[in-house]
Amino acid sequence: VRESQEERRRLLRAGLIAAVVTIALAGLVGPVGAWLAVLLAGEALGLVLSRAMARAVFRRRRQRGHHRNPTVVLGDNEEATALASTLDDDPTLGYLVTGVVDPASFGIDEPVSRTGAVALAAAIRESGATGVVIAATAVDLASGNVLARELSDAGLHVELSSALRDLSARRLSVGSLGRFATLHLEPVHRDGWRAATKRAVDVLFAVLALVLIAPALTLIVLAIRLTSRGPVLFRQERVGRDGVMFPMFKLRTMFVGSEDMVIDLREAEDGTALFKPARDPRVTPVGRVLRKLSLDELPQLWNVLRGEMSLVGPRPALASEMAMWSPELHGRLRVRPGITGLWQVHRQDWSIEHYTRLDLYYVDNWSLRTDLAIMGRTIPAVLFGRSNR
Numbered sequence: 001v002r003e004s005q006e007e008r009r010r011l012l013r014a015g016l017i018a019a020v021v022t023i024a025l026a027g028l029v030g031p032v033g034a035w036l037a038v039l040l041a042g043e044a045l046g047l048v049l050s051r052a053m054a055r056a057v058f059r060r061r062r063q064r065g066h067h068r069n070p071t072v073v074l075g076d077n078e079e080a081t082a083l084a085s086t087l088d089d090d091p092t093l094g095y096l097v098t099g100v101v102d103p104a105s106f107g108i109d110e111p112v113s114r115t116g117a118v119a120l121a122a123a124i125r126e127s128g129a130t131g132v133v134i135a136a137t138a139v140d141l142a143s144g145n146v147l148a149r150e151l152s153d154a155g156l157h158v159e160l161s162s163a164l165r166d167l168s169a170r171r172l173s174v175g176s177l178g179r180f181a182t183l184h185l186e187p188v189h190r191d192g193w194r195a196a197t198k199r200a201v202d203v204l205f206a207v208l209a210l211v212l213i214a215p216a217l218t219l220i221v222l223a224i225r226l227t228s229r230g231p232v233l234f235r236q237e238r239v240g241r242d243g244v245m246f247p248m249f250k251l252r253t254m255f256v257g258s259e260d261m262v263i264d265l266r267e268a269e270d271g272t273a274l275f276k277p278a279r280d281p282r283v284t285p286v287g288r289v290l291r292k293l294s295l296d297e298l299p300q301l302w303n304v305l306r307g308e309m310s311l312v313g314p315r316p317a318l319a320s321e322m323a324m325w326s327p328e329l330h331g332r333l334r335v336r337p338g339i340t341g342l343w344q345v346h347r348q349d350w351s352i353e354h355y356t357r358l359d360l361y362y363v364d365n366w367s368l369r370t371d372l373a374i375m376g377r378t379i380p381a382v383l384f385g386r387s388n389r
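Residues in the sequence shown are numbered from 1 upward in steps of one, following the working numbering.
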């Protein structure tokens with residue numbers, strides 16, 4: 001389930017190769033060859049669609065608690081805890097964490113104990129677990145080898161973490177240095193033709209969107225003017241790429257003068273300054289509808305045309321929010337902020353930690369394919385009320 005994109009590429013590539021080879025070997029030309037090529041291509045496409053449907057069914061059933069493999073996480077440190085939390089928080093991964101075990105409790109430390117590893121494997125099997133995830137930073141080199149060998153020989157499904165977080169698996173490839181397995185990390189290219197293509201997509205989409213939404217935007221402007229006094233647009237200084245401030249535009253959703261009302265967002269429902277109260281008294285009735293559907297963000301298409309924002313990227317922060325950032329979070333300033341992003345289409349967790357991790361994951365693993373995937377998920381997220389603001 002986790003390697004769906006790679007599987008689709010392999011299936012489509014195999015279908016294309018099969019069509020070319022079959023036609024070449026048969027020496028077919030003209031309509032017969034063309035029909036055969038279409039048939040083989042359609043078969044490959046049908047296989048991709050059927051696999052996608054099966055994955056969707058599995059995801060839905062896993063969210064309901066079915067088809068999850070009982071798994072033990074091995075380790076007694078921060079990485080082991082984070083791995084267990086990740087598997088618990090996302091049931092679609094297919095793991096059911098039945099325990100977090102410190103290998104040292106079975107005598108698997110210095111000196112390395114094969115007897116302890118065998119006892120651990122037996123205990124895991126007796127618990128009903130079928131797999132093990134080993135936190136690489138929780139065991140030393142020799143202990144890791146013994147654990148992997150004995151647990152695998154016991155018939156358990158063994159996975160070893162890379163000790164790297166927030167790096168896409170697409171950037172990693174397995175290699176070797178003598179007897180050591182290594183991971184090669186592909187660099188992220190944020191300039192050159194990729195950056196030019198991203199900018200071209202931004203401009204083209206923004207122009208088309210502004211033309212298409214013009215009638216609806218006119219009605220929204222009238223609704224704002226007729227239901228509350230004040231300007232239609234709200235302008236606010238936000239932090240852009242490389243920390244440069246810029247004016248971000250939104251449709252006004254609050255009563256005039258409401259910015260002077262003292263509402264300490266740090267005492268909001270989740271205890272952070274990143275979120276607004278669920279029932280903010282400053283918001284107008286029309287504003288609530290606009291916010292629910294994210295229609296108040298439409299003027300930011302103008303920010304995209306001006307080159308201050310992108311369609312996809314981390315949300316532009318306030319200067320007051322940036323003042324509370326950790327040094328690591330400043331890495332999000334390496335790219336233009338966006339109208340939508342990973343944080344907007346994920347609602348599992350609204351903590352600052354989750355906010356930080358998603359922003360940095362996007363920046364560290366950016367690709368055009370990632371942007372297209374996020375854009376595709378934004379529309380259903382907004383329609384079904386799952387976007388984060």
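Backbone N, C-alpha and C fix where the C-beta goes; we use that ideal spot for every residue, glycine too.
Only a predicted model underlies this, so the values are computations on that prediction, with no experimental measurement involved.
Own chain, CB closer than 8 Å to residue i, minus 5 neighbours either side, in chain order
i: Val203; result: Val304 and Leu305
i: Ala181; result: Val174 and Gly175
i: Arg61; result: His67
i: Leu183; result: Ser162, Leu164, Leu172, Ser173, Val174 and Gly175
i: Ala80; result: Val73, Leu74, Val100, Ala135 and Ala138
i: Gly42; result: none
i: Met245; result: Glu237, Arg238, Val239 and Ala319
i: Arg190; result: Arg334, Val335 and Trp366
i: Ser127; result: Pro70, Val72, Thr98 and Gly99
Whole-Å CB distance - residue i paired with residue j, under 8 Å assumed
i: Glu308; j: Gly240; result: 6 Å
i: Asn365; j: Leu147; result: With a Cβ gap of about 29 Å, Asn365 and Leu147 do not count as contacting.
i: Leu251; j: Leu233; result: 7 Å
i: Asp359; j: Pro314; result: 4 Å
i: Ile374; j: Leu342; result: 6 Å
i: Ile395; j: Gly75; result: Beyond the ends of the chain as shown, which are 1 and 389, falls residue 395; an answer cannot be given.
i: Glu395; j: Val118; result: This structure leaves residue 395 out entirely; the chain is present only between 1 and 389.
i: Leu311; j: Thr340; result: 7 Å
i: Ile224; j: Val286; result: 6 Å
For residue i, three-class secondary structure by DSSP
i: Thr284; result: coil
i: Ala119; result: helix
i: His67; result: coil
i: His189; result: coil
i: Gly341; result: coil
i: Ser176; result: strand
i: Leu329; result: helix
i: Arg2; result: Because the pLDDT of Arg2 is 43, which lies under 50, any placement of that residue in the model is unreliable, and the question is left without a value.
i: Leu183; result: strand
i: Val146; result: helix
i: Met324; result: coil
i: Ser415; result: Outside the displayed range of the chain (1 to 389) lies residue 415, so it cannot be described from this structure.
i: Leu290; result: helix
i: Val221; result: helix
i: Leu360; result: helix
i: Ser310; result: strand
i: Val211; result: helix
i: Val239; result: strand
i: Ala317; result: strand
i: Gly376; result: helix
i: Arg13; result: helix
Identified DSSP bridge partners for residue i
i: Gly128; result: Gly128 is not bridged to any residue.
i: Lys250; result: Phe234
i: Leu160; result: Ile134
i: Tyr95; result: Asn69
i: Val101; result: Leu74
i: Ala196; result: Ala196 is not bridged to any residue.
Proximal residues to residue i (C-beta, below 6 Å), its chain only, five neighbours per side dropped
i: Leu210; result: Leu301
i: Thr370; result: none
i: Ala121; result: Glu150, Leu151 and Ala154
i: Asp393; result: Because residue 393 is not part of the residues shown, which for the chain are 1 to 389, the question remains open.
Neighbourhood of residue i by C-beta distance below 7 Å, restricted to the same chain and skipping five residues each side
i: Ile124; result: Val72, Val132 and Leu156
i: Ala129; result: Pro70, Thr71, Val72 and Thr98
i: Thr197; result: Leu368
i: Thr284; result: Thr227, Ser228, Thr253, Met254 and Phe255
i: Arg357; result: Asp166
i: His346; result: Leu358
i: Val188; result: Asp364, Asn365 and Trp366
i: Phe249; result: Leu233, Arg235, Pro299, Gln300, Trp302 and Asn303
i: Arg83; result: Sequence check: residue 83 is Leu here, not Arg. Closer than 7 Å at Cβ, skipping near neighbours: Val73, Val133, Ala135 and Ser161.
i: Asp242; result: Leu333
Contact test: residue i Cβ vs the ligand PLP heavy atom, cutoff 6 Å
i: Asp191; result: Of the ligands one can find in the structure shown there are none, so the ligand PLP has no counterpart to examine.
Exercise. Is the segment 283–302 in contact with the segment 323–332, if contact means three or more CB pairs nearer than 8 Å?
Worked result: no
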